[in-house]
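Trainee: Quick one: this structure, given as structure tokens, is what I'll be asking you about.
Protein chains: 4
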Amino acid sequence: MVKFAVLGCGRIGRMHALNLARHPRAELAYVYDVVGDAAAATADATGARRAGAIDDILAAAEVEAVLIASSTDTHLDLLVRAVEAGKAVLCEKPIDLDLAKVDASWERIRDRDATVMVGFNRRFDPSFKALRERIQAGEVGPLEQVVITSRDPGPPPVAYIKASGGLFRDMTIHDFDMARYLMGDMAAVHATGANLVDPAIEEAGDIDAAMVTLVAKSGALCQISNSRRCAYGYDQRVEAFGAKGMLQAGNQRPTTLSFWGAAATEAKDPVLNFFVERYTPAYNAEIDHFVDCVEQGTAPLAGYRDGREALRLADAALESMRTGATVRLD
Amino acid sequence: MVKFAVLGCGRIGRMHALNLARHPRAELAYVYDVVGDAAAATADATGARRAGAIDDILAAAEVEAVLIASSTDTHLDLLVRAVEAGKAVLCEKPIDLDLAKVDASWERIRDRDATVMVGFNRRFDPSFKALRERIQAGEVGPLEQVVITSRDPGPPPVAYIKASGGLFRDMTIHDFDMARYLMGDMAAVHATGANLVDPAIEEAGDIDAAMVTLVAKSGALCQISNSRRCAYGYDQRVEAFGAKGMLQAGNQRPTTLSFWGAAATEAKDPVLNFFVERYTPAYNAEIDHFVDCVEQGTAPLAGYRDGREALRLADAALESMRTGATVRLD
Amino acid sequence: MVKFAVLGCGRIGRMHALNLARHPRAELAYVYDVVGDAAAATADATGARRAGAIDDILAAAEVEAVLIASSTDTHLDLLVRAVEAGKAVLCEKPIDLDLAKVDASWERIRDRDATVMVGFNRRFDPSFKALRERIQAGEVGPLEQVVITSRDPGPPPVAYIKASGGLFRDMTIHDFDMARYLMGDMAAVHATGANLVDPAIEEAGDIDAAMVTLVAKSGALCQISNSRRCAYGYDQRVEAFGAKGMLQAGNQRPTTLSFWGAAATEAKDPVLNFFVERYTPAYNAEIDHFVDCVEQGTAPLAGYRDGREALRLADAALESMRTGATVRLD
Amino acid sequence: MVKFAVLGCGRIGRMHALNLARHPRAELAYVYDVVGDAAAATADATGARRAGAIDDILAAAEVEAVLIASSTDTHLDLLVRAVEAGKAVLCEKPIDLDLAKVDASWERIRDRDATVMVGFNRRFDPSFKALRERIQAGEVGPLEQVVITSRDPGPPPVAYIKASGGLFRDMTIHDFDMARYLMGDMAAVHATGANLVDPAIEEAGDIDAAMVTLVAKSGALCQISNSRRCAYGYDQRVEAFGAKGMLQAGNQRPTTLSFWGAAATEAKDPVLNFFVERYTPAYNAEIDHFVDCVEQGTAPLAGYRDGREALRLADAALESMRTGATVRLD
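Protein chains in written order, with the working numbering: chain A, 20 to 349; chain B, 20 to 349; chain C, 20 to 349; chain D, 20 to 349.
Here is the structure:
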């Protein structure tokens with residue numbers, strides 16, 4: 020039994036809290052949110068205690084693990100404090116929006132050898148996980164090309180966008196991590212962005228569509244296409260190609276129904292709408308994996324460095340979009 | 020909170036017990052099995068108490084609902100006793116193998132107006148449920164033809180088959196219920212059986228493959244194909260056809276991966292292997308629905324009469340197979 | 020170069036005439052139709068000569084092969100006369116509607132050892148042909164079950180239906196032949212018919228939907244479902260099942276496009292509308308095969324006996340539908 | 020009837036010659052190849068006359084149209100001479116490898132108002148054609164993103180590659196044209212190339228895999244992925260995405276069969292192997308369209324400017340690959 024506290028009870032924090040409350044090897048001891056009502060509602064729904072302050076949680080010796088799902092600007096500070104308080108940490112992505120701060124913080128905590136995991140939930144999706152395993156088993160031969168499709172069903176509020184660090188650090192960061200998950204470290208990035216969805220996003224200084232090319236250190240190539248809008252749901256697909264063929268991971272639907280009529284045939288349901296629906300099994304598997312790591316002291320599948328590298332790729336993409344040039348990474 | 024007891028802790032009973040233990044509106048108070056070790060294991064896994072005798076459960080006033088998952092020959096007796104003890108009952112299919120007994124028992128309990136539900140789990144499968152709703156919404160027009168494909172991954176042990184009442188009462192009974200779920204009551208049955216899978220099944224006096232034609236009272240036609248063996252998993256599909264088109268419900272797989280190689284393209288995983296894997300969401304929704312019925316006093320979607328009618332169709336199929344003639348139902 | 024005459028210039032005859040005119044190893048010398056204008060139009064379109072009378076064609080020594088596409092009631096007489104005139108014959112299905120006449124005619128021509136082929140075009144469809152080859156190569160193991168789906172896009176005129184011999188002899192006859200093509204000879208037939216599409220068909224004494232069960236001499240089972248109406252086009256599918264798995268042959272569409280939108284995803288075109296569109300490659304391959312048989316003196320893949328057996332199954336289905344009983348074939 | 024001469028009787032020239040010989044509104048008068056045997060073989064197969072010299076063809080008043088399928092280095096010279104001789108021209112892609120020469124030649128012939136068409140066969144593929152029509156009909160709303168997948172089954176001989184102008188001008192040129200066909204003119208190009216398939220290609224100074232990003236003048240984005248190797252056949256797919264959804268054009272297979280077995284389900288045939296197999300209907304429709312243009316004096320769907328623009332994109336891609344920078348087009 021691993022005792023948890025959840026910091027941040029917004030949409031994602033609450034979902035994690037509910038998952039922890041049902042988990043056979045976890046116990047949710049505390050929840051906290053700066054908005055007291057949010058913390059109270061999650062405490063009610065899960066039977067956890069509502070902590071009065073973060074320090075109470077960090078001081079509670081019985082709390083072994085902290086799940087950080089608060090606003091992005093608080094992630095890194097909470098992560099460091101939790102590690103320094105001797106806790107294992109599962110932190111939502113991104114760790115932070117400032118690579119220099121990410122690196123400086125690492126210097127502070129690296130010697131503690133703590134269990135620090137970053138919430139790259141897609142690594143735990145059964146299809147993407149199987150995709151990676153089958154690539155590694157050599158099913159398509161050495162990877163040559165990867166094509167990642169990633170579209171959100173609709174844009175978030177402009178207020179969210181303003182604090183998000185921009186599309187590359189907020190949304191593409193998952194795809195950068197997926198590229199690294201499948202292909203390893205990257206040698207070069209080129210990115211193109213566009214404003215196609217909502218003028219308010221442009222006014223807020225961000226883009227709402229992008230196409231990115233990555234070159235891996237292995238020599239393999241990767242393309243990512245992003246949009247903040249997708250009429251048919253949350254479009255999350257990957258194709259991985261090598262000399263022996265291609266593996267495709269497709270979208271997911273609530274039923275297996277298809278309709279055959281006068282105007283169309285094999286018409287299926289729209290795909291699952293967004294991350295909570297689509298990645299439910301992934302979020303559960305993510306918690307499972309983190310509990311394993313805490314119990315057994317093993318390294319998480321998505322560690323601090325993975326969070327750092329994805330941010331570095333996002334920064335490079337931003338630079339490439341601004342200059343038009345391919346950005347080489349050491 | 021509905022307090023439950025589970026009678027029978029074999030594969031299905033244990034699965035139900037675990038589902039009840041996790042259910043937010045149910046509480047699993049007791050489990051019972053004639054095999055003490057089975058009961059003890061399920062009690063351990065769920066935190067329920069192991070009852071020393073069925074009568075203890077029936078006498079326990081706080082137990083509102085009984086889930087019967089014991090061997091088929093005990094179903095009907097337990098069902099009647101539980102109803103007479105004032106419990107709501109969720110009974111695994113088939114209620115019994117003897118239609119006359121089923122009808123006689125009904126006479127004993129009909130006036131009690133108890134909540135009695137039969138475990139036709141497929142009615143709660145999200146895809147089949149949506150299929151029915153879309154048929155009823157008129158999406159294909161009045162139903163004209165239904166084709167049901169139902170193949171088990173492999174045959175059960177011969178000992179099971181000997182006690183099963185035969186393929187029609189044990190396996191096709193689900194498909195008879197699916198036909199009634201989608202099309203209403205039946206007017207005629209024709210069945211053909213064959214021994215294609217395992218000679219031991221023939222020696223045990225049963226068939227292992229069948230093709231059945233049903234005529235509904237509405238005039239619509241239905242075909243069922245069954246096999247006790249299926250190389251690619253648990254083959255569970257339905258096509259429903261009317262003037263405006265067709266709705267198909269397909270098989271389900273663990274991932275969305277497909278492989279494209281030199282020998283084949285779009286090759287997907289084998290389908291989910293058997294009822295526990297395939298119908299996990301259905302079993303959960305079934306319990307949900309039953310708890311709703313108990314709490315609100317509403318009629319279950321699969322009642323005693325549905326259990327009786329499916330058995331009647333199985334008996335008619337057996338007669339048709341023996342005589343070669345179409346059996347008309349009043 | 021094989022010199023042909025085409026008898027009958029209706030929709031099918033004209034299509035065959037055009038195919039022959041373009042065929043590199045065939046030459047279309049004559050066309051004939053009792054309706055002079057039909058013959059003239061086809062002669063114009065193909066460059067063939069319009070014969071004044073059938074006897075002129077039968078007397079023309081240079082004509083090696085006759086393609087019979089006239090009305091069904093003339094098929095058998097023309098077939099016998101053509102064989103007796105020393106011609107090779109490719110006759111549209113059905114040979115005739117009267118099994119006794121079919122057998123009597125056979126007695127007249129059997130010793131002539133002529134090339135007589137029946138136009139079971141589906142045997143030459145690339146997908147059904149590959150299906151059969153892969154079955155015979157053992158890909159699914161010995162055949163255990165076959166499911167044939169066969170729906171026309173819409174019913175023919177009632178006048179056509181009145182002369183057609185009924186759904187089993189006119190439409191299902193193709194599916195009976197497909198069953199024999201894949202499974203060999205049949206041991207038993209059960210059929211159920213219904214009137215679901217157009218009351219005028221019932222008034223004309225015919226059915227417009229059917230479900231048929233066949234038992235092959237091998238012990239394998241087969242189901243056929245038919246309808247005279249299908250909203251999404253010409254529904255022509257086959258599933259063949261054995262211990263090692265299943266082979267499916269699906270429908271065909273004019274493009275590979277699929278649409279993903281807010282209401283549906285992977286929505287494809289309606290399937291090709293009817294036999295001329297769907298079986299274009301099959302009709303070409305059929306002529307190819309017939310020319311091969313004439314040139315090399317080899318036996319056609321669909322011979323007189325195949326035409327006879329399909330008719331026998333249709334007759335048995337009709338009897339079964341009338342009596343409700345399974346009809347055993349010797 | 021349009022009278023044709025075919026210049027160049029290699030693989031593509033011979034295919035065109037055979038298509039012309041069967042075309043109802045075309046007549047193939049002459050064929051020519053510098054290799055006499057190739058010309059003779061095509062003349063034999065089509066019934067055309069073998070010209071002794073190109074000048075004989077250009078001087079033949081009855082020849083209205085010339086199809087140029089000779090080696091790339093001869094295309095532009097032959098095109099200009101044919102136009103100056105008053106012929107309509109259908110020229111295989113690319114027009115030439117030197118944009119300056121392409122522009123200079125245009126100055127020579129632009130005032131003649133001749134029918135000049137470039138053989139971008141994919142514009143005539145039924146699926147891509149329908150894709151464009153449905154985009155233009157507004158089915159997905161204004162285009163926002165296009166993803167083009169284009170992989171050859173295997174690399175051509177190194178000798179071919181050395182004369183090809185490189186992957187962008189030889190292979191991607193089709194994809195550049197597809198992008199323009201669907202999205203209109205382009206504003207910017209970024210390209211990345213790699214050597215992943217065969218070291219001999221690198222030694223020959225070319226790449227064998229590429230990923231390209233295009234920005235259209237409309238603001239829409241496009242990605243192209245290319246490989247000279249594809250285990251499962253000729254991979255030719257397009258996705259077009261807008262606010263209302265996505266249209267996908269998929270690969271094509273010889274049959275509709277799928278296999279369901281213990282290791283995989285829905286396994287389909289490899290896709291059609293290469294351009295002759297995949298684009299057979301497109302090549303036929305291309306000739307049809309060109310004959311229409313010649314007969315009616317209308318502008319071809321793929322004109323000289325389209326050939327020029329695709330080459331310009333290829334040149335820009337090459338520059339981008341060398342510099343790493345995005346190349347802006349005026």
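Glycine included, each C-beta is placed from N, C-alpha and C at the ideal position.
Measuring only the C-alpha atoms, how far is T232(B) from T232(C)?
Mentor: Each residue's alpha carbon lies about 8 Å from the other.
Trainee: Rounded to the nearest angstrom, what separates E111(D) and E305(D) at their Cα positions?
Mentor: 11 Å
Trainee: Quick check: the stretch 180-191 of chain D against the stretch 163-182 of chain A, are there 3 or more CB pairs under 8 Å?
Mentor: no
Trainee: Would you say K181(B) lies against chain A (beta-carbon separation less than 9 Å)?
Mentor: no
Trainee: Thinking C-beta only, is L291(A) closer than 9 Å to R142(A)?
Mentor: no
Trainee: Can you give the Cα-Cα distance for D122(C) and G212(C), rounded to whole angstroms?
Mentor: So the two alpha carbons sit approximately 27 Å from each other.
Trainee: Return the chain-ordered ranges of every beta strand (DSSP E) run that is complete within the stretch 269-302 of chain D and spans a minimum of 3 residues.
Mentor: 276-280
Trainee: Check for me: the beta strand (DSSP E) holding F195(A) runs from which residue to which?
Mentor: Bounds of any beta strand (DSSP E) do not take in F195(A); it lies within the alpha helix (DSSP H) bounded by I192 to M202.
Trainee: With a threshold of 9 Å between beta-carbons, can H35(A) be considered close to chain D, or not?
Mentor: It does not: the Cβ of H35(A) has no partner Cβ on chain D nearer than 9 Å.
Trainee: Assuming L47(C) is part of the beta strand (DSSP E), what are its boundary residues?
Mentor: A45 to Y51
Trainee: Along the chain, where does the beta strand (DSSP E) containing N245(D) start, and where does it finish?
Mentor: L240 to S246
Trainee: Near Q173(C), which residues of its chain fall below 6 Å by C-beta distance, leaving aside the five closest residues on each side in sequence?
Mentor: Checking the sequence, you will find Gly at residue 173(C) rather than Gln. Around G173(C): R248.
Trainee: Return the first residue and the last residue of the beta strand (DSSP E) that E258(A) is part of.
Mentor: Note, E258(A): beta strand (DSSP E), D254 to G261.
Trainee: Just the C-alpha distance for I226(C) and L201(C), rounded to the nearest angstrom, thanks.
Mentor: 26 Å
Trainee: In this structure, what does DSSP give as the bridge partners for T232(C)?
Mentor: Partner(s): H209(C) and Q242(C).
Trainee: Under 9 Å, do F350(C) and E152(D) count as touching if we go by C-beta distance?
Mentor: Absent from the model: residue 350(C). The displayed extent of chain C is 20 to 349, so no value can be given.
Trainee: Of the choices G326(C), A119(C) and A281(C), whose alpha-carbon is the least far from that of A250(A)?
Mentor: Selected option, being the one with the closest Cα: A281(C).
Trainee: Taking just the CA atoms, how far does A149(B) sit from L37(D)?
Mentor: 53 Å
Trainee: In its own chain, which residues sit with a C-beta less than 6 Å from the C-beta of R33(A), not counting the 5 before and 5 after it?
Mentor: T61
Trainee: Counting only beta-carbon atoms, is T284(A) nearer than 9 Å to chain C?
Mentor: yes
Trainee: Counting only beta-carbon separations shorter than 9 Å, does T61(D) have a partner in chain A?
Mentor: no
Trainee: Mind checking whether G343(A) and H209(D) have CB atoms under 9 Å apart?
Mentor: yes
Trainee: Name the chain A residues that come within less than 9 Å of E296(B), Cβ to Cβ?
Mentor: Under the 9 Å cutoff, chain A gives no residues; its nearest Cβ is about 13 Å from E296(B).
Trainee: Just the chain C side, please: which residues come within less than 7 Å of E163(B) by C-beta, in chain order?
Mentor: L215, A228 and S246
Trainee: Taking DSSP as the reference, what is the three-state secondary structure of F187(D)?
Mentor: Shown here, F187(D) sits in a helix according to DSSP, grouped into three states.
Trainee: Which residues in the same chain have their Cβ closer than 6 Å to the Cβ of C28(D), if we skip the five residues on either side of it in sequence?
Mentor: V50, D52, A57, A58 and T61
Trainee: Please state whether DSSP places V346(D) in a helix, a strand or coil.
Mentor: V346(D): strand per DSSP, three-state reduction.
Trainee: Is V310(A) helix, strand or coil by DSSP?
Mentor: It is helical.
Trainee: Could you name the residues that DSSP lists as bridge partners for S169(B)?
Mentor: According to DSSP, S169(B) bridges with N245(B) and Q255(B).
Trainee: Given L361(A), which residues of its chain have a CB within under 6 Å of its CB, disregarding the five upstream and five downstream residues?
Mentor: No answer is possible for residue 361(A): the residues shown for chain A start at 20 and end at 349.
Trainee: List the whole-angstrom C-beta distance separating D254(A) from T191(A), where the pair is believed to meet the contact cut-off of C-beta under 8 Å.
Mentor: Wrong, their Cβ atoms sit about 14 Å apart, outside the cutoff.
Trainee: Of all the CB atoms in chain A, is at least one closer than 9 Å to the CB of T299(B)?
Mentor: no
Trainee: Just list the residues that DSSP pairs V135(A) with in beta bridges.
Mentor: V108(A)
Trainee: Near P145(B), which residues of its chain fall below 7 Å by C-beta distance, leaving aside the five closest residues on each side in sequence?
Mentor: P300
Trainee: Quick check on this structure: which residue in E221(A), A239(A) and A223(A) has the alpha carbon closest to the alpha carbon of A229(D)?
Mentor: A239(A)
Trainee: Out of E338(A), D63(A), S124(A) and D307(A), state which residue places its alpha-carbon closest to the alpha-carbon of G326(A).
Mentor: The candidate whose alpha carbon is nearest that of G326(A) is S124(A).
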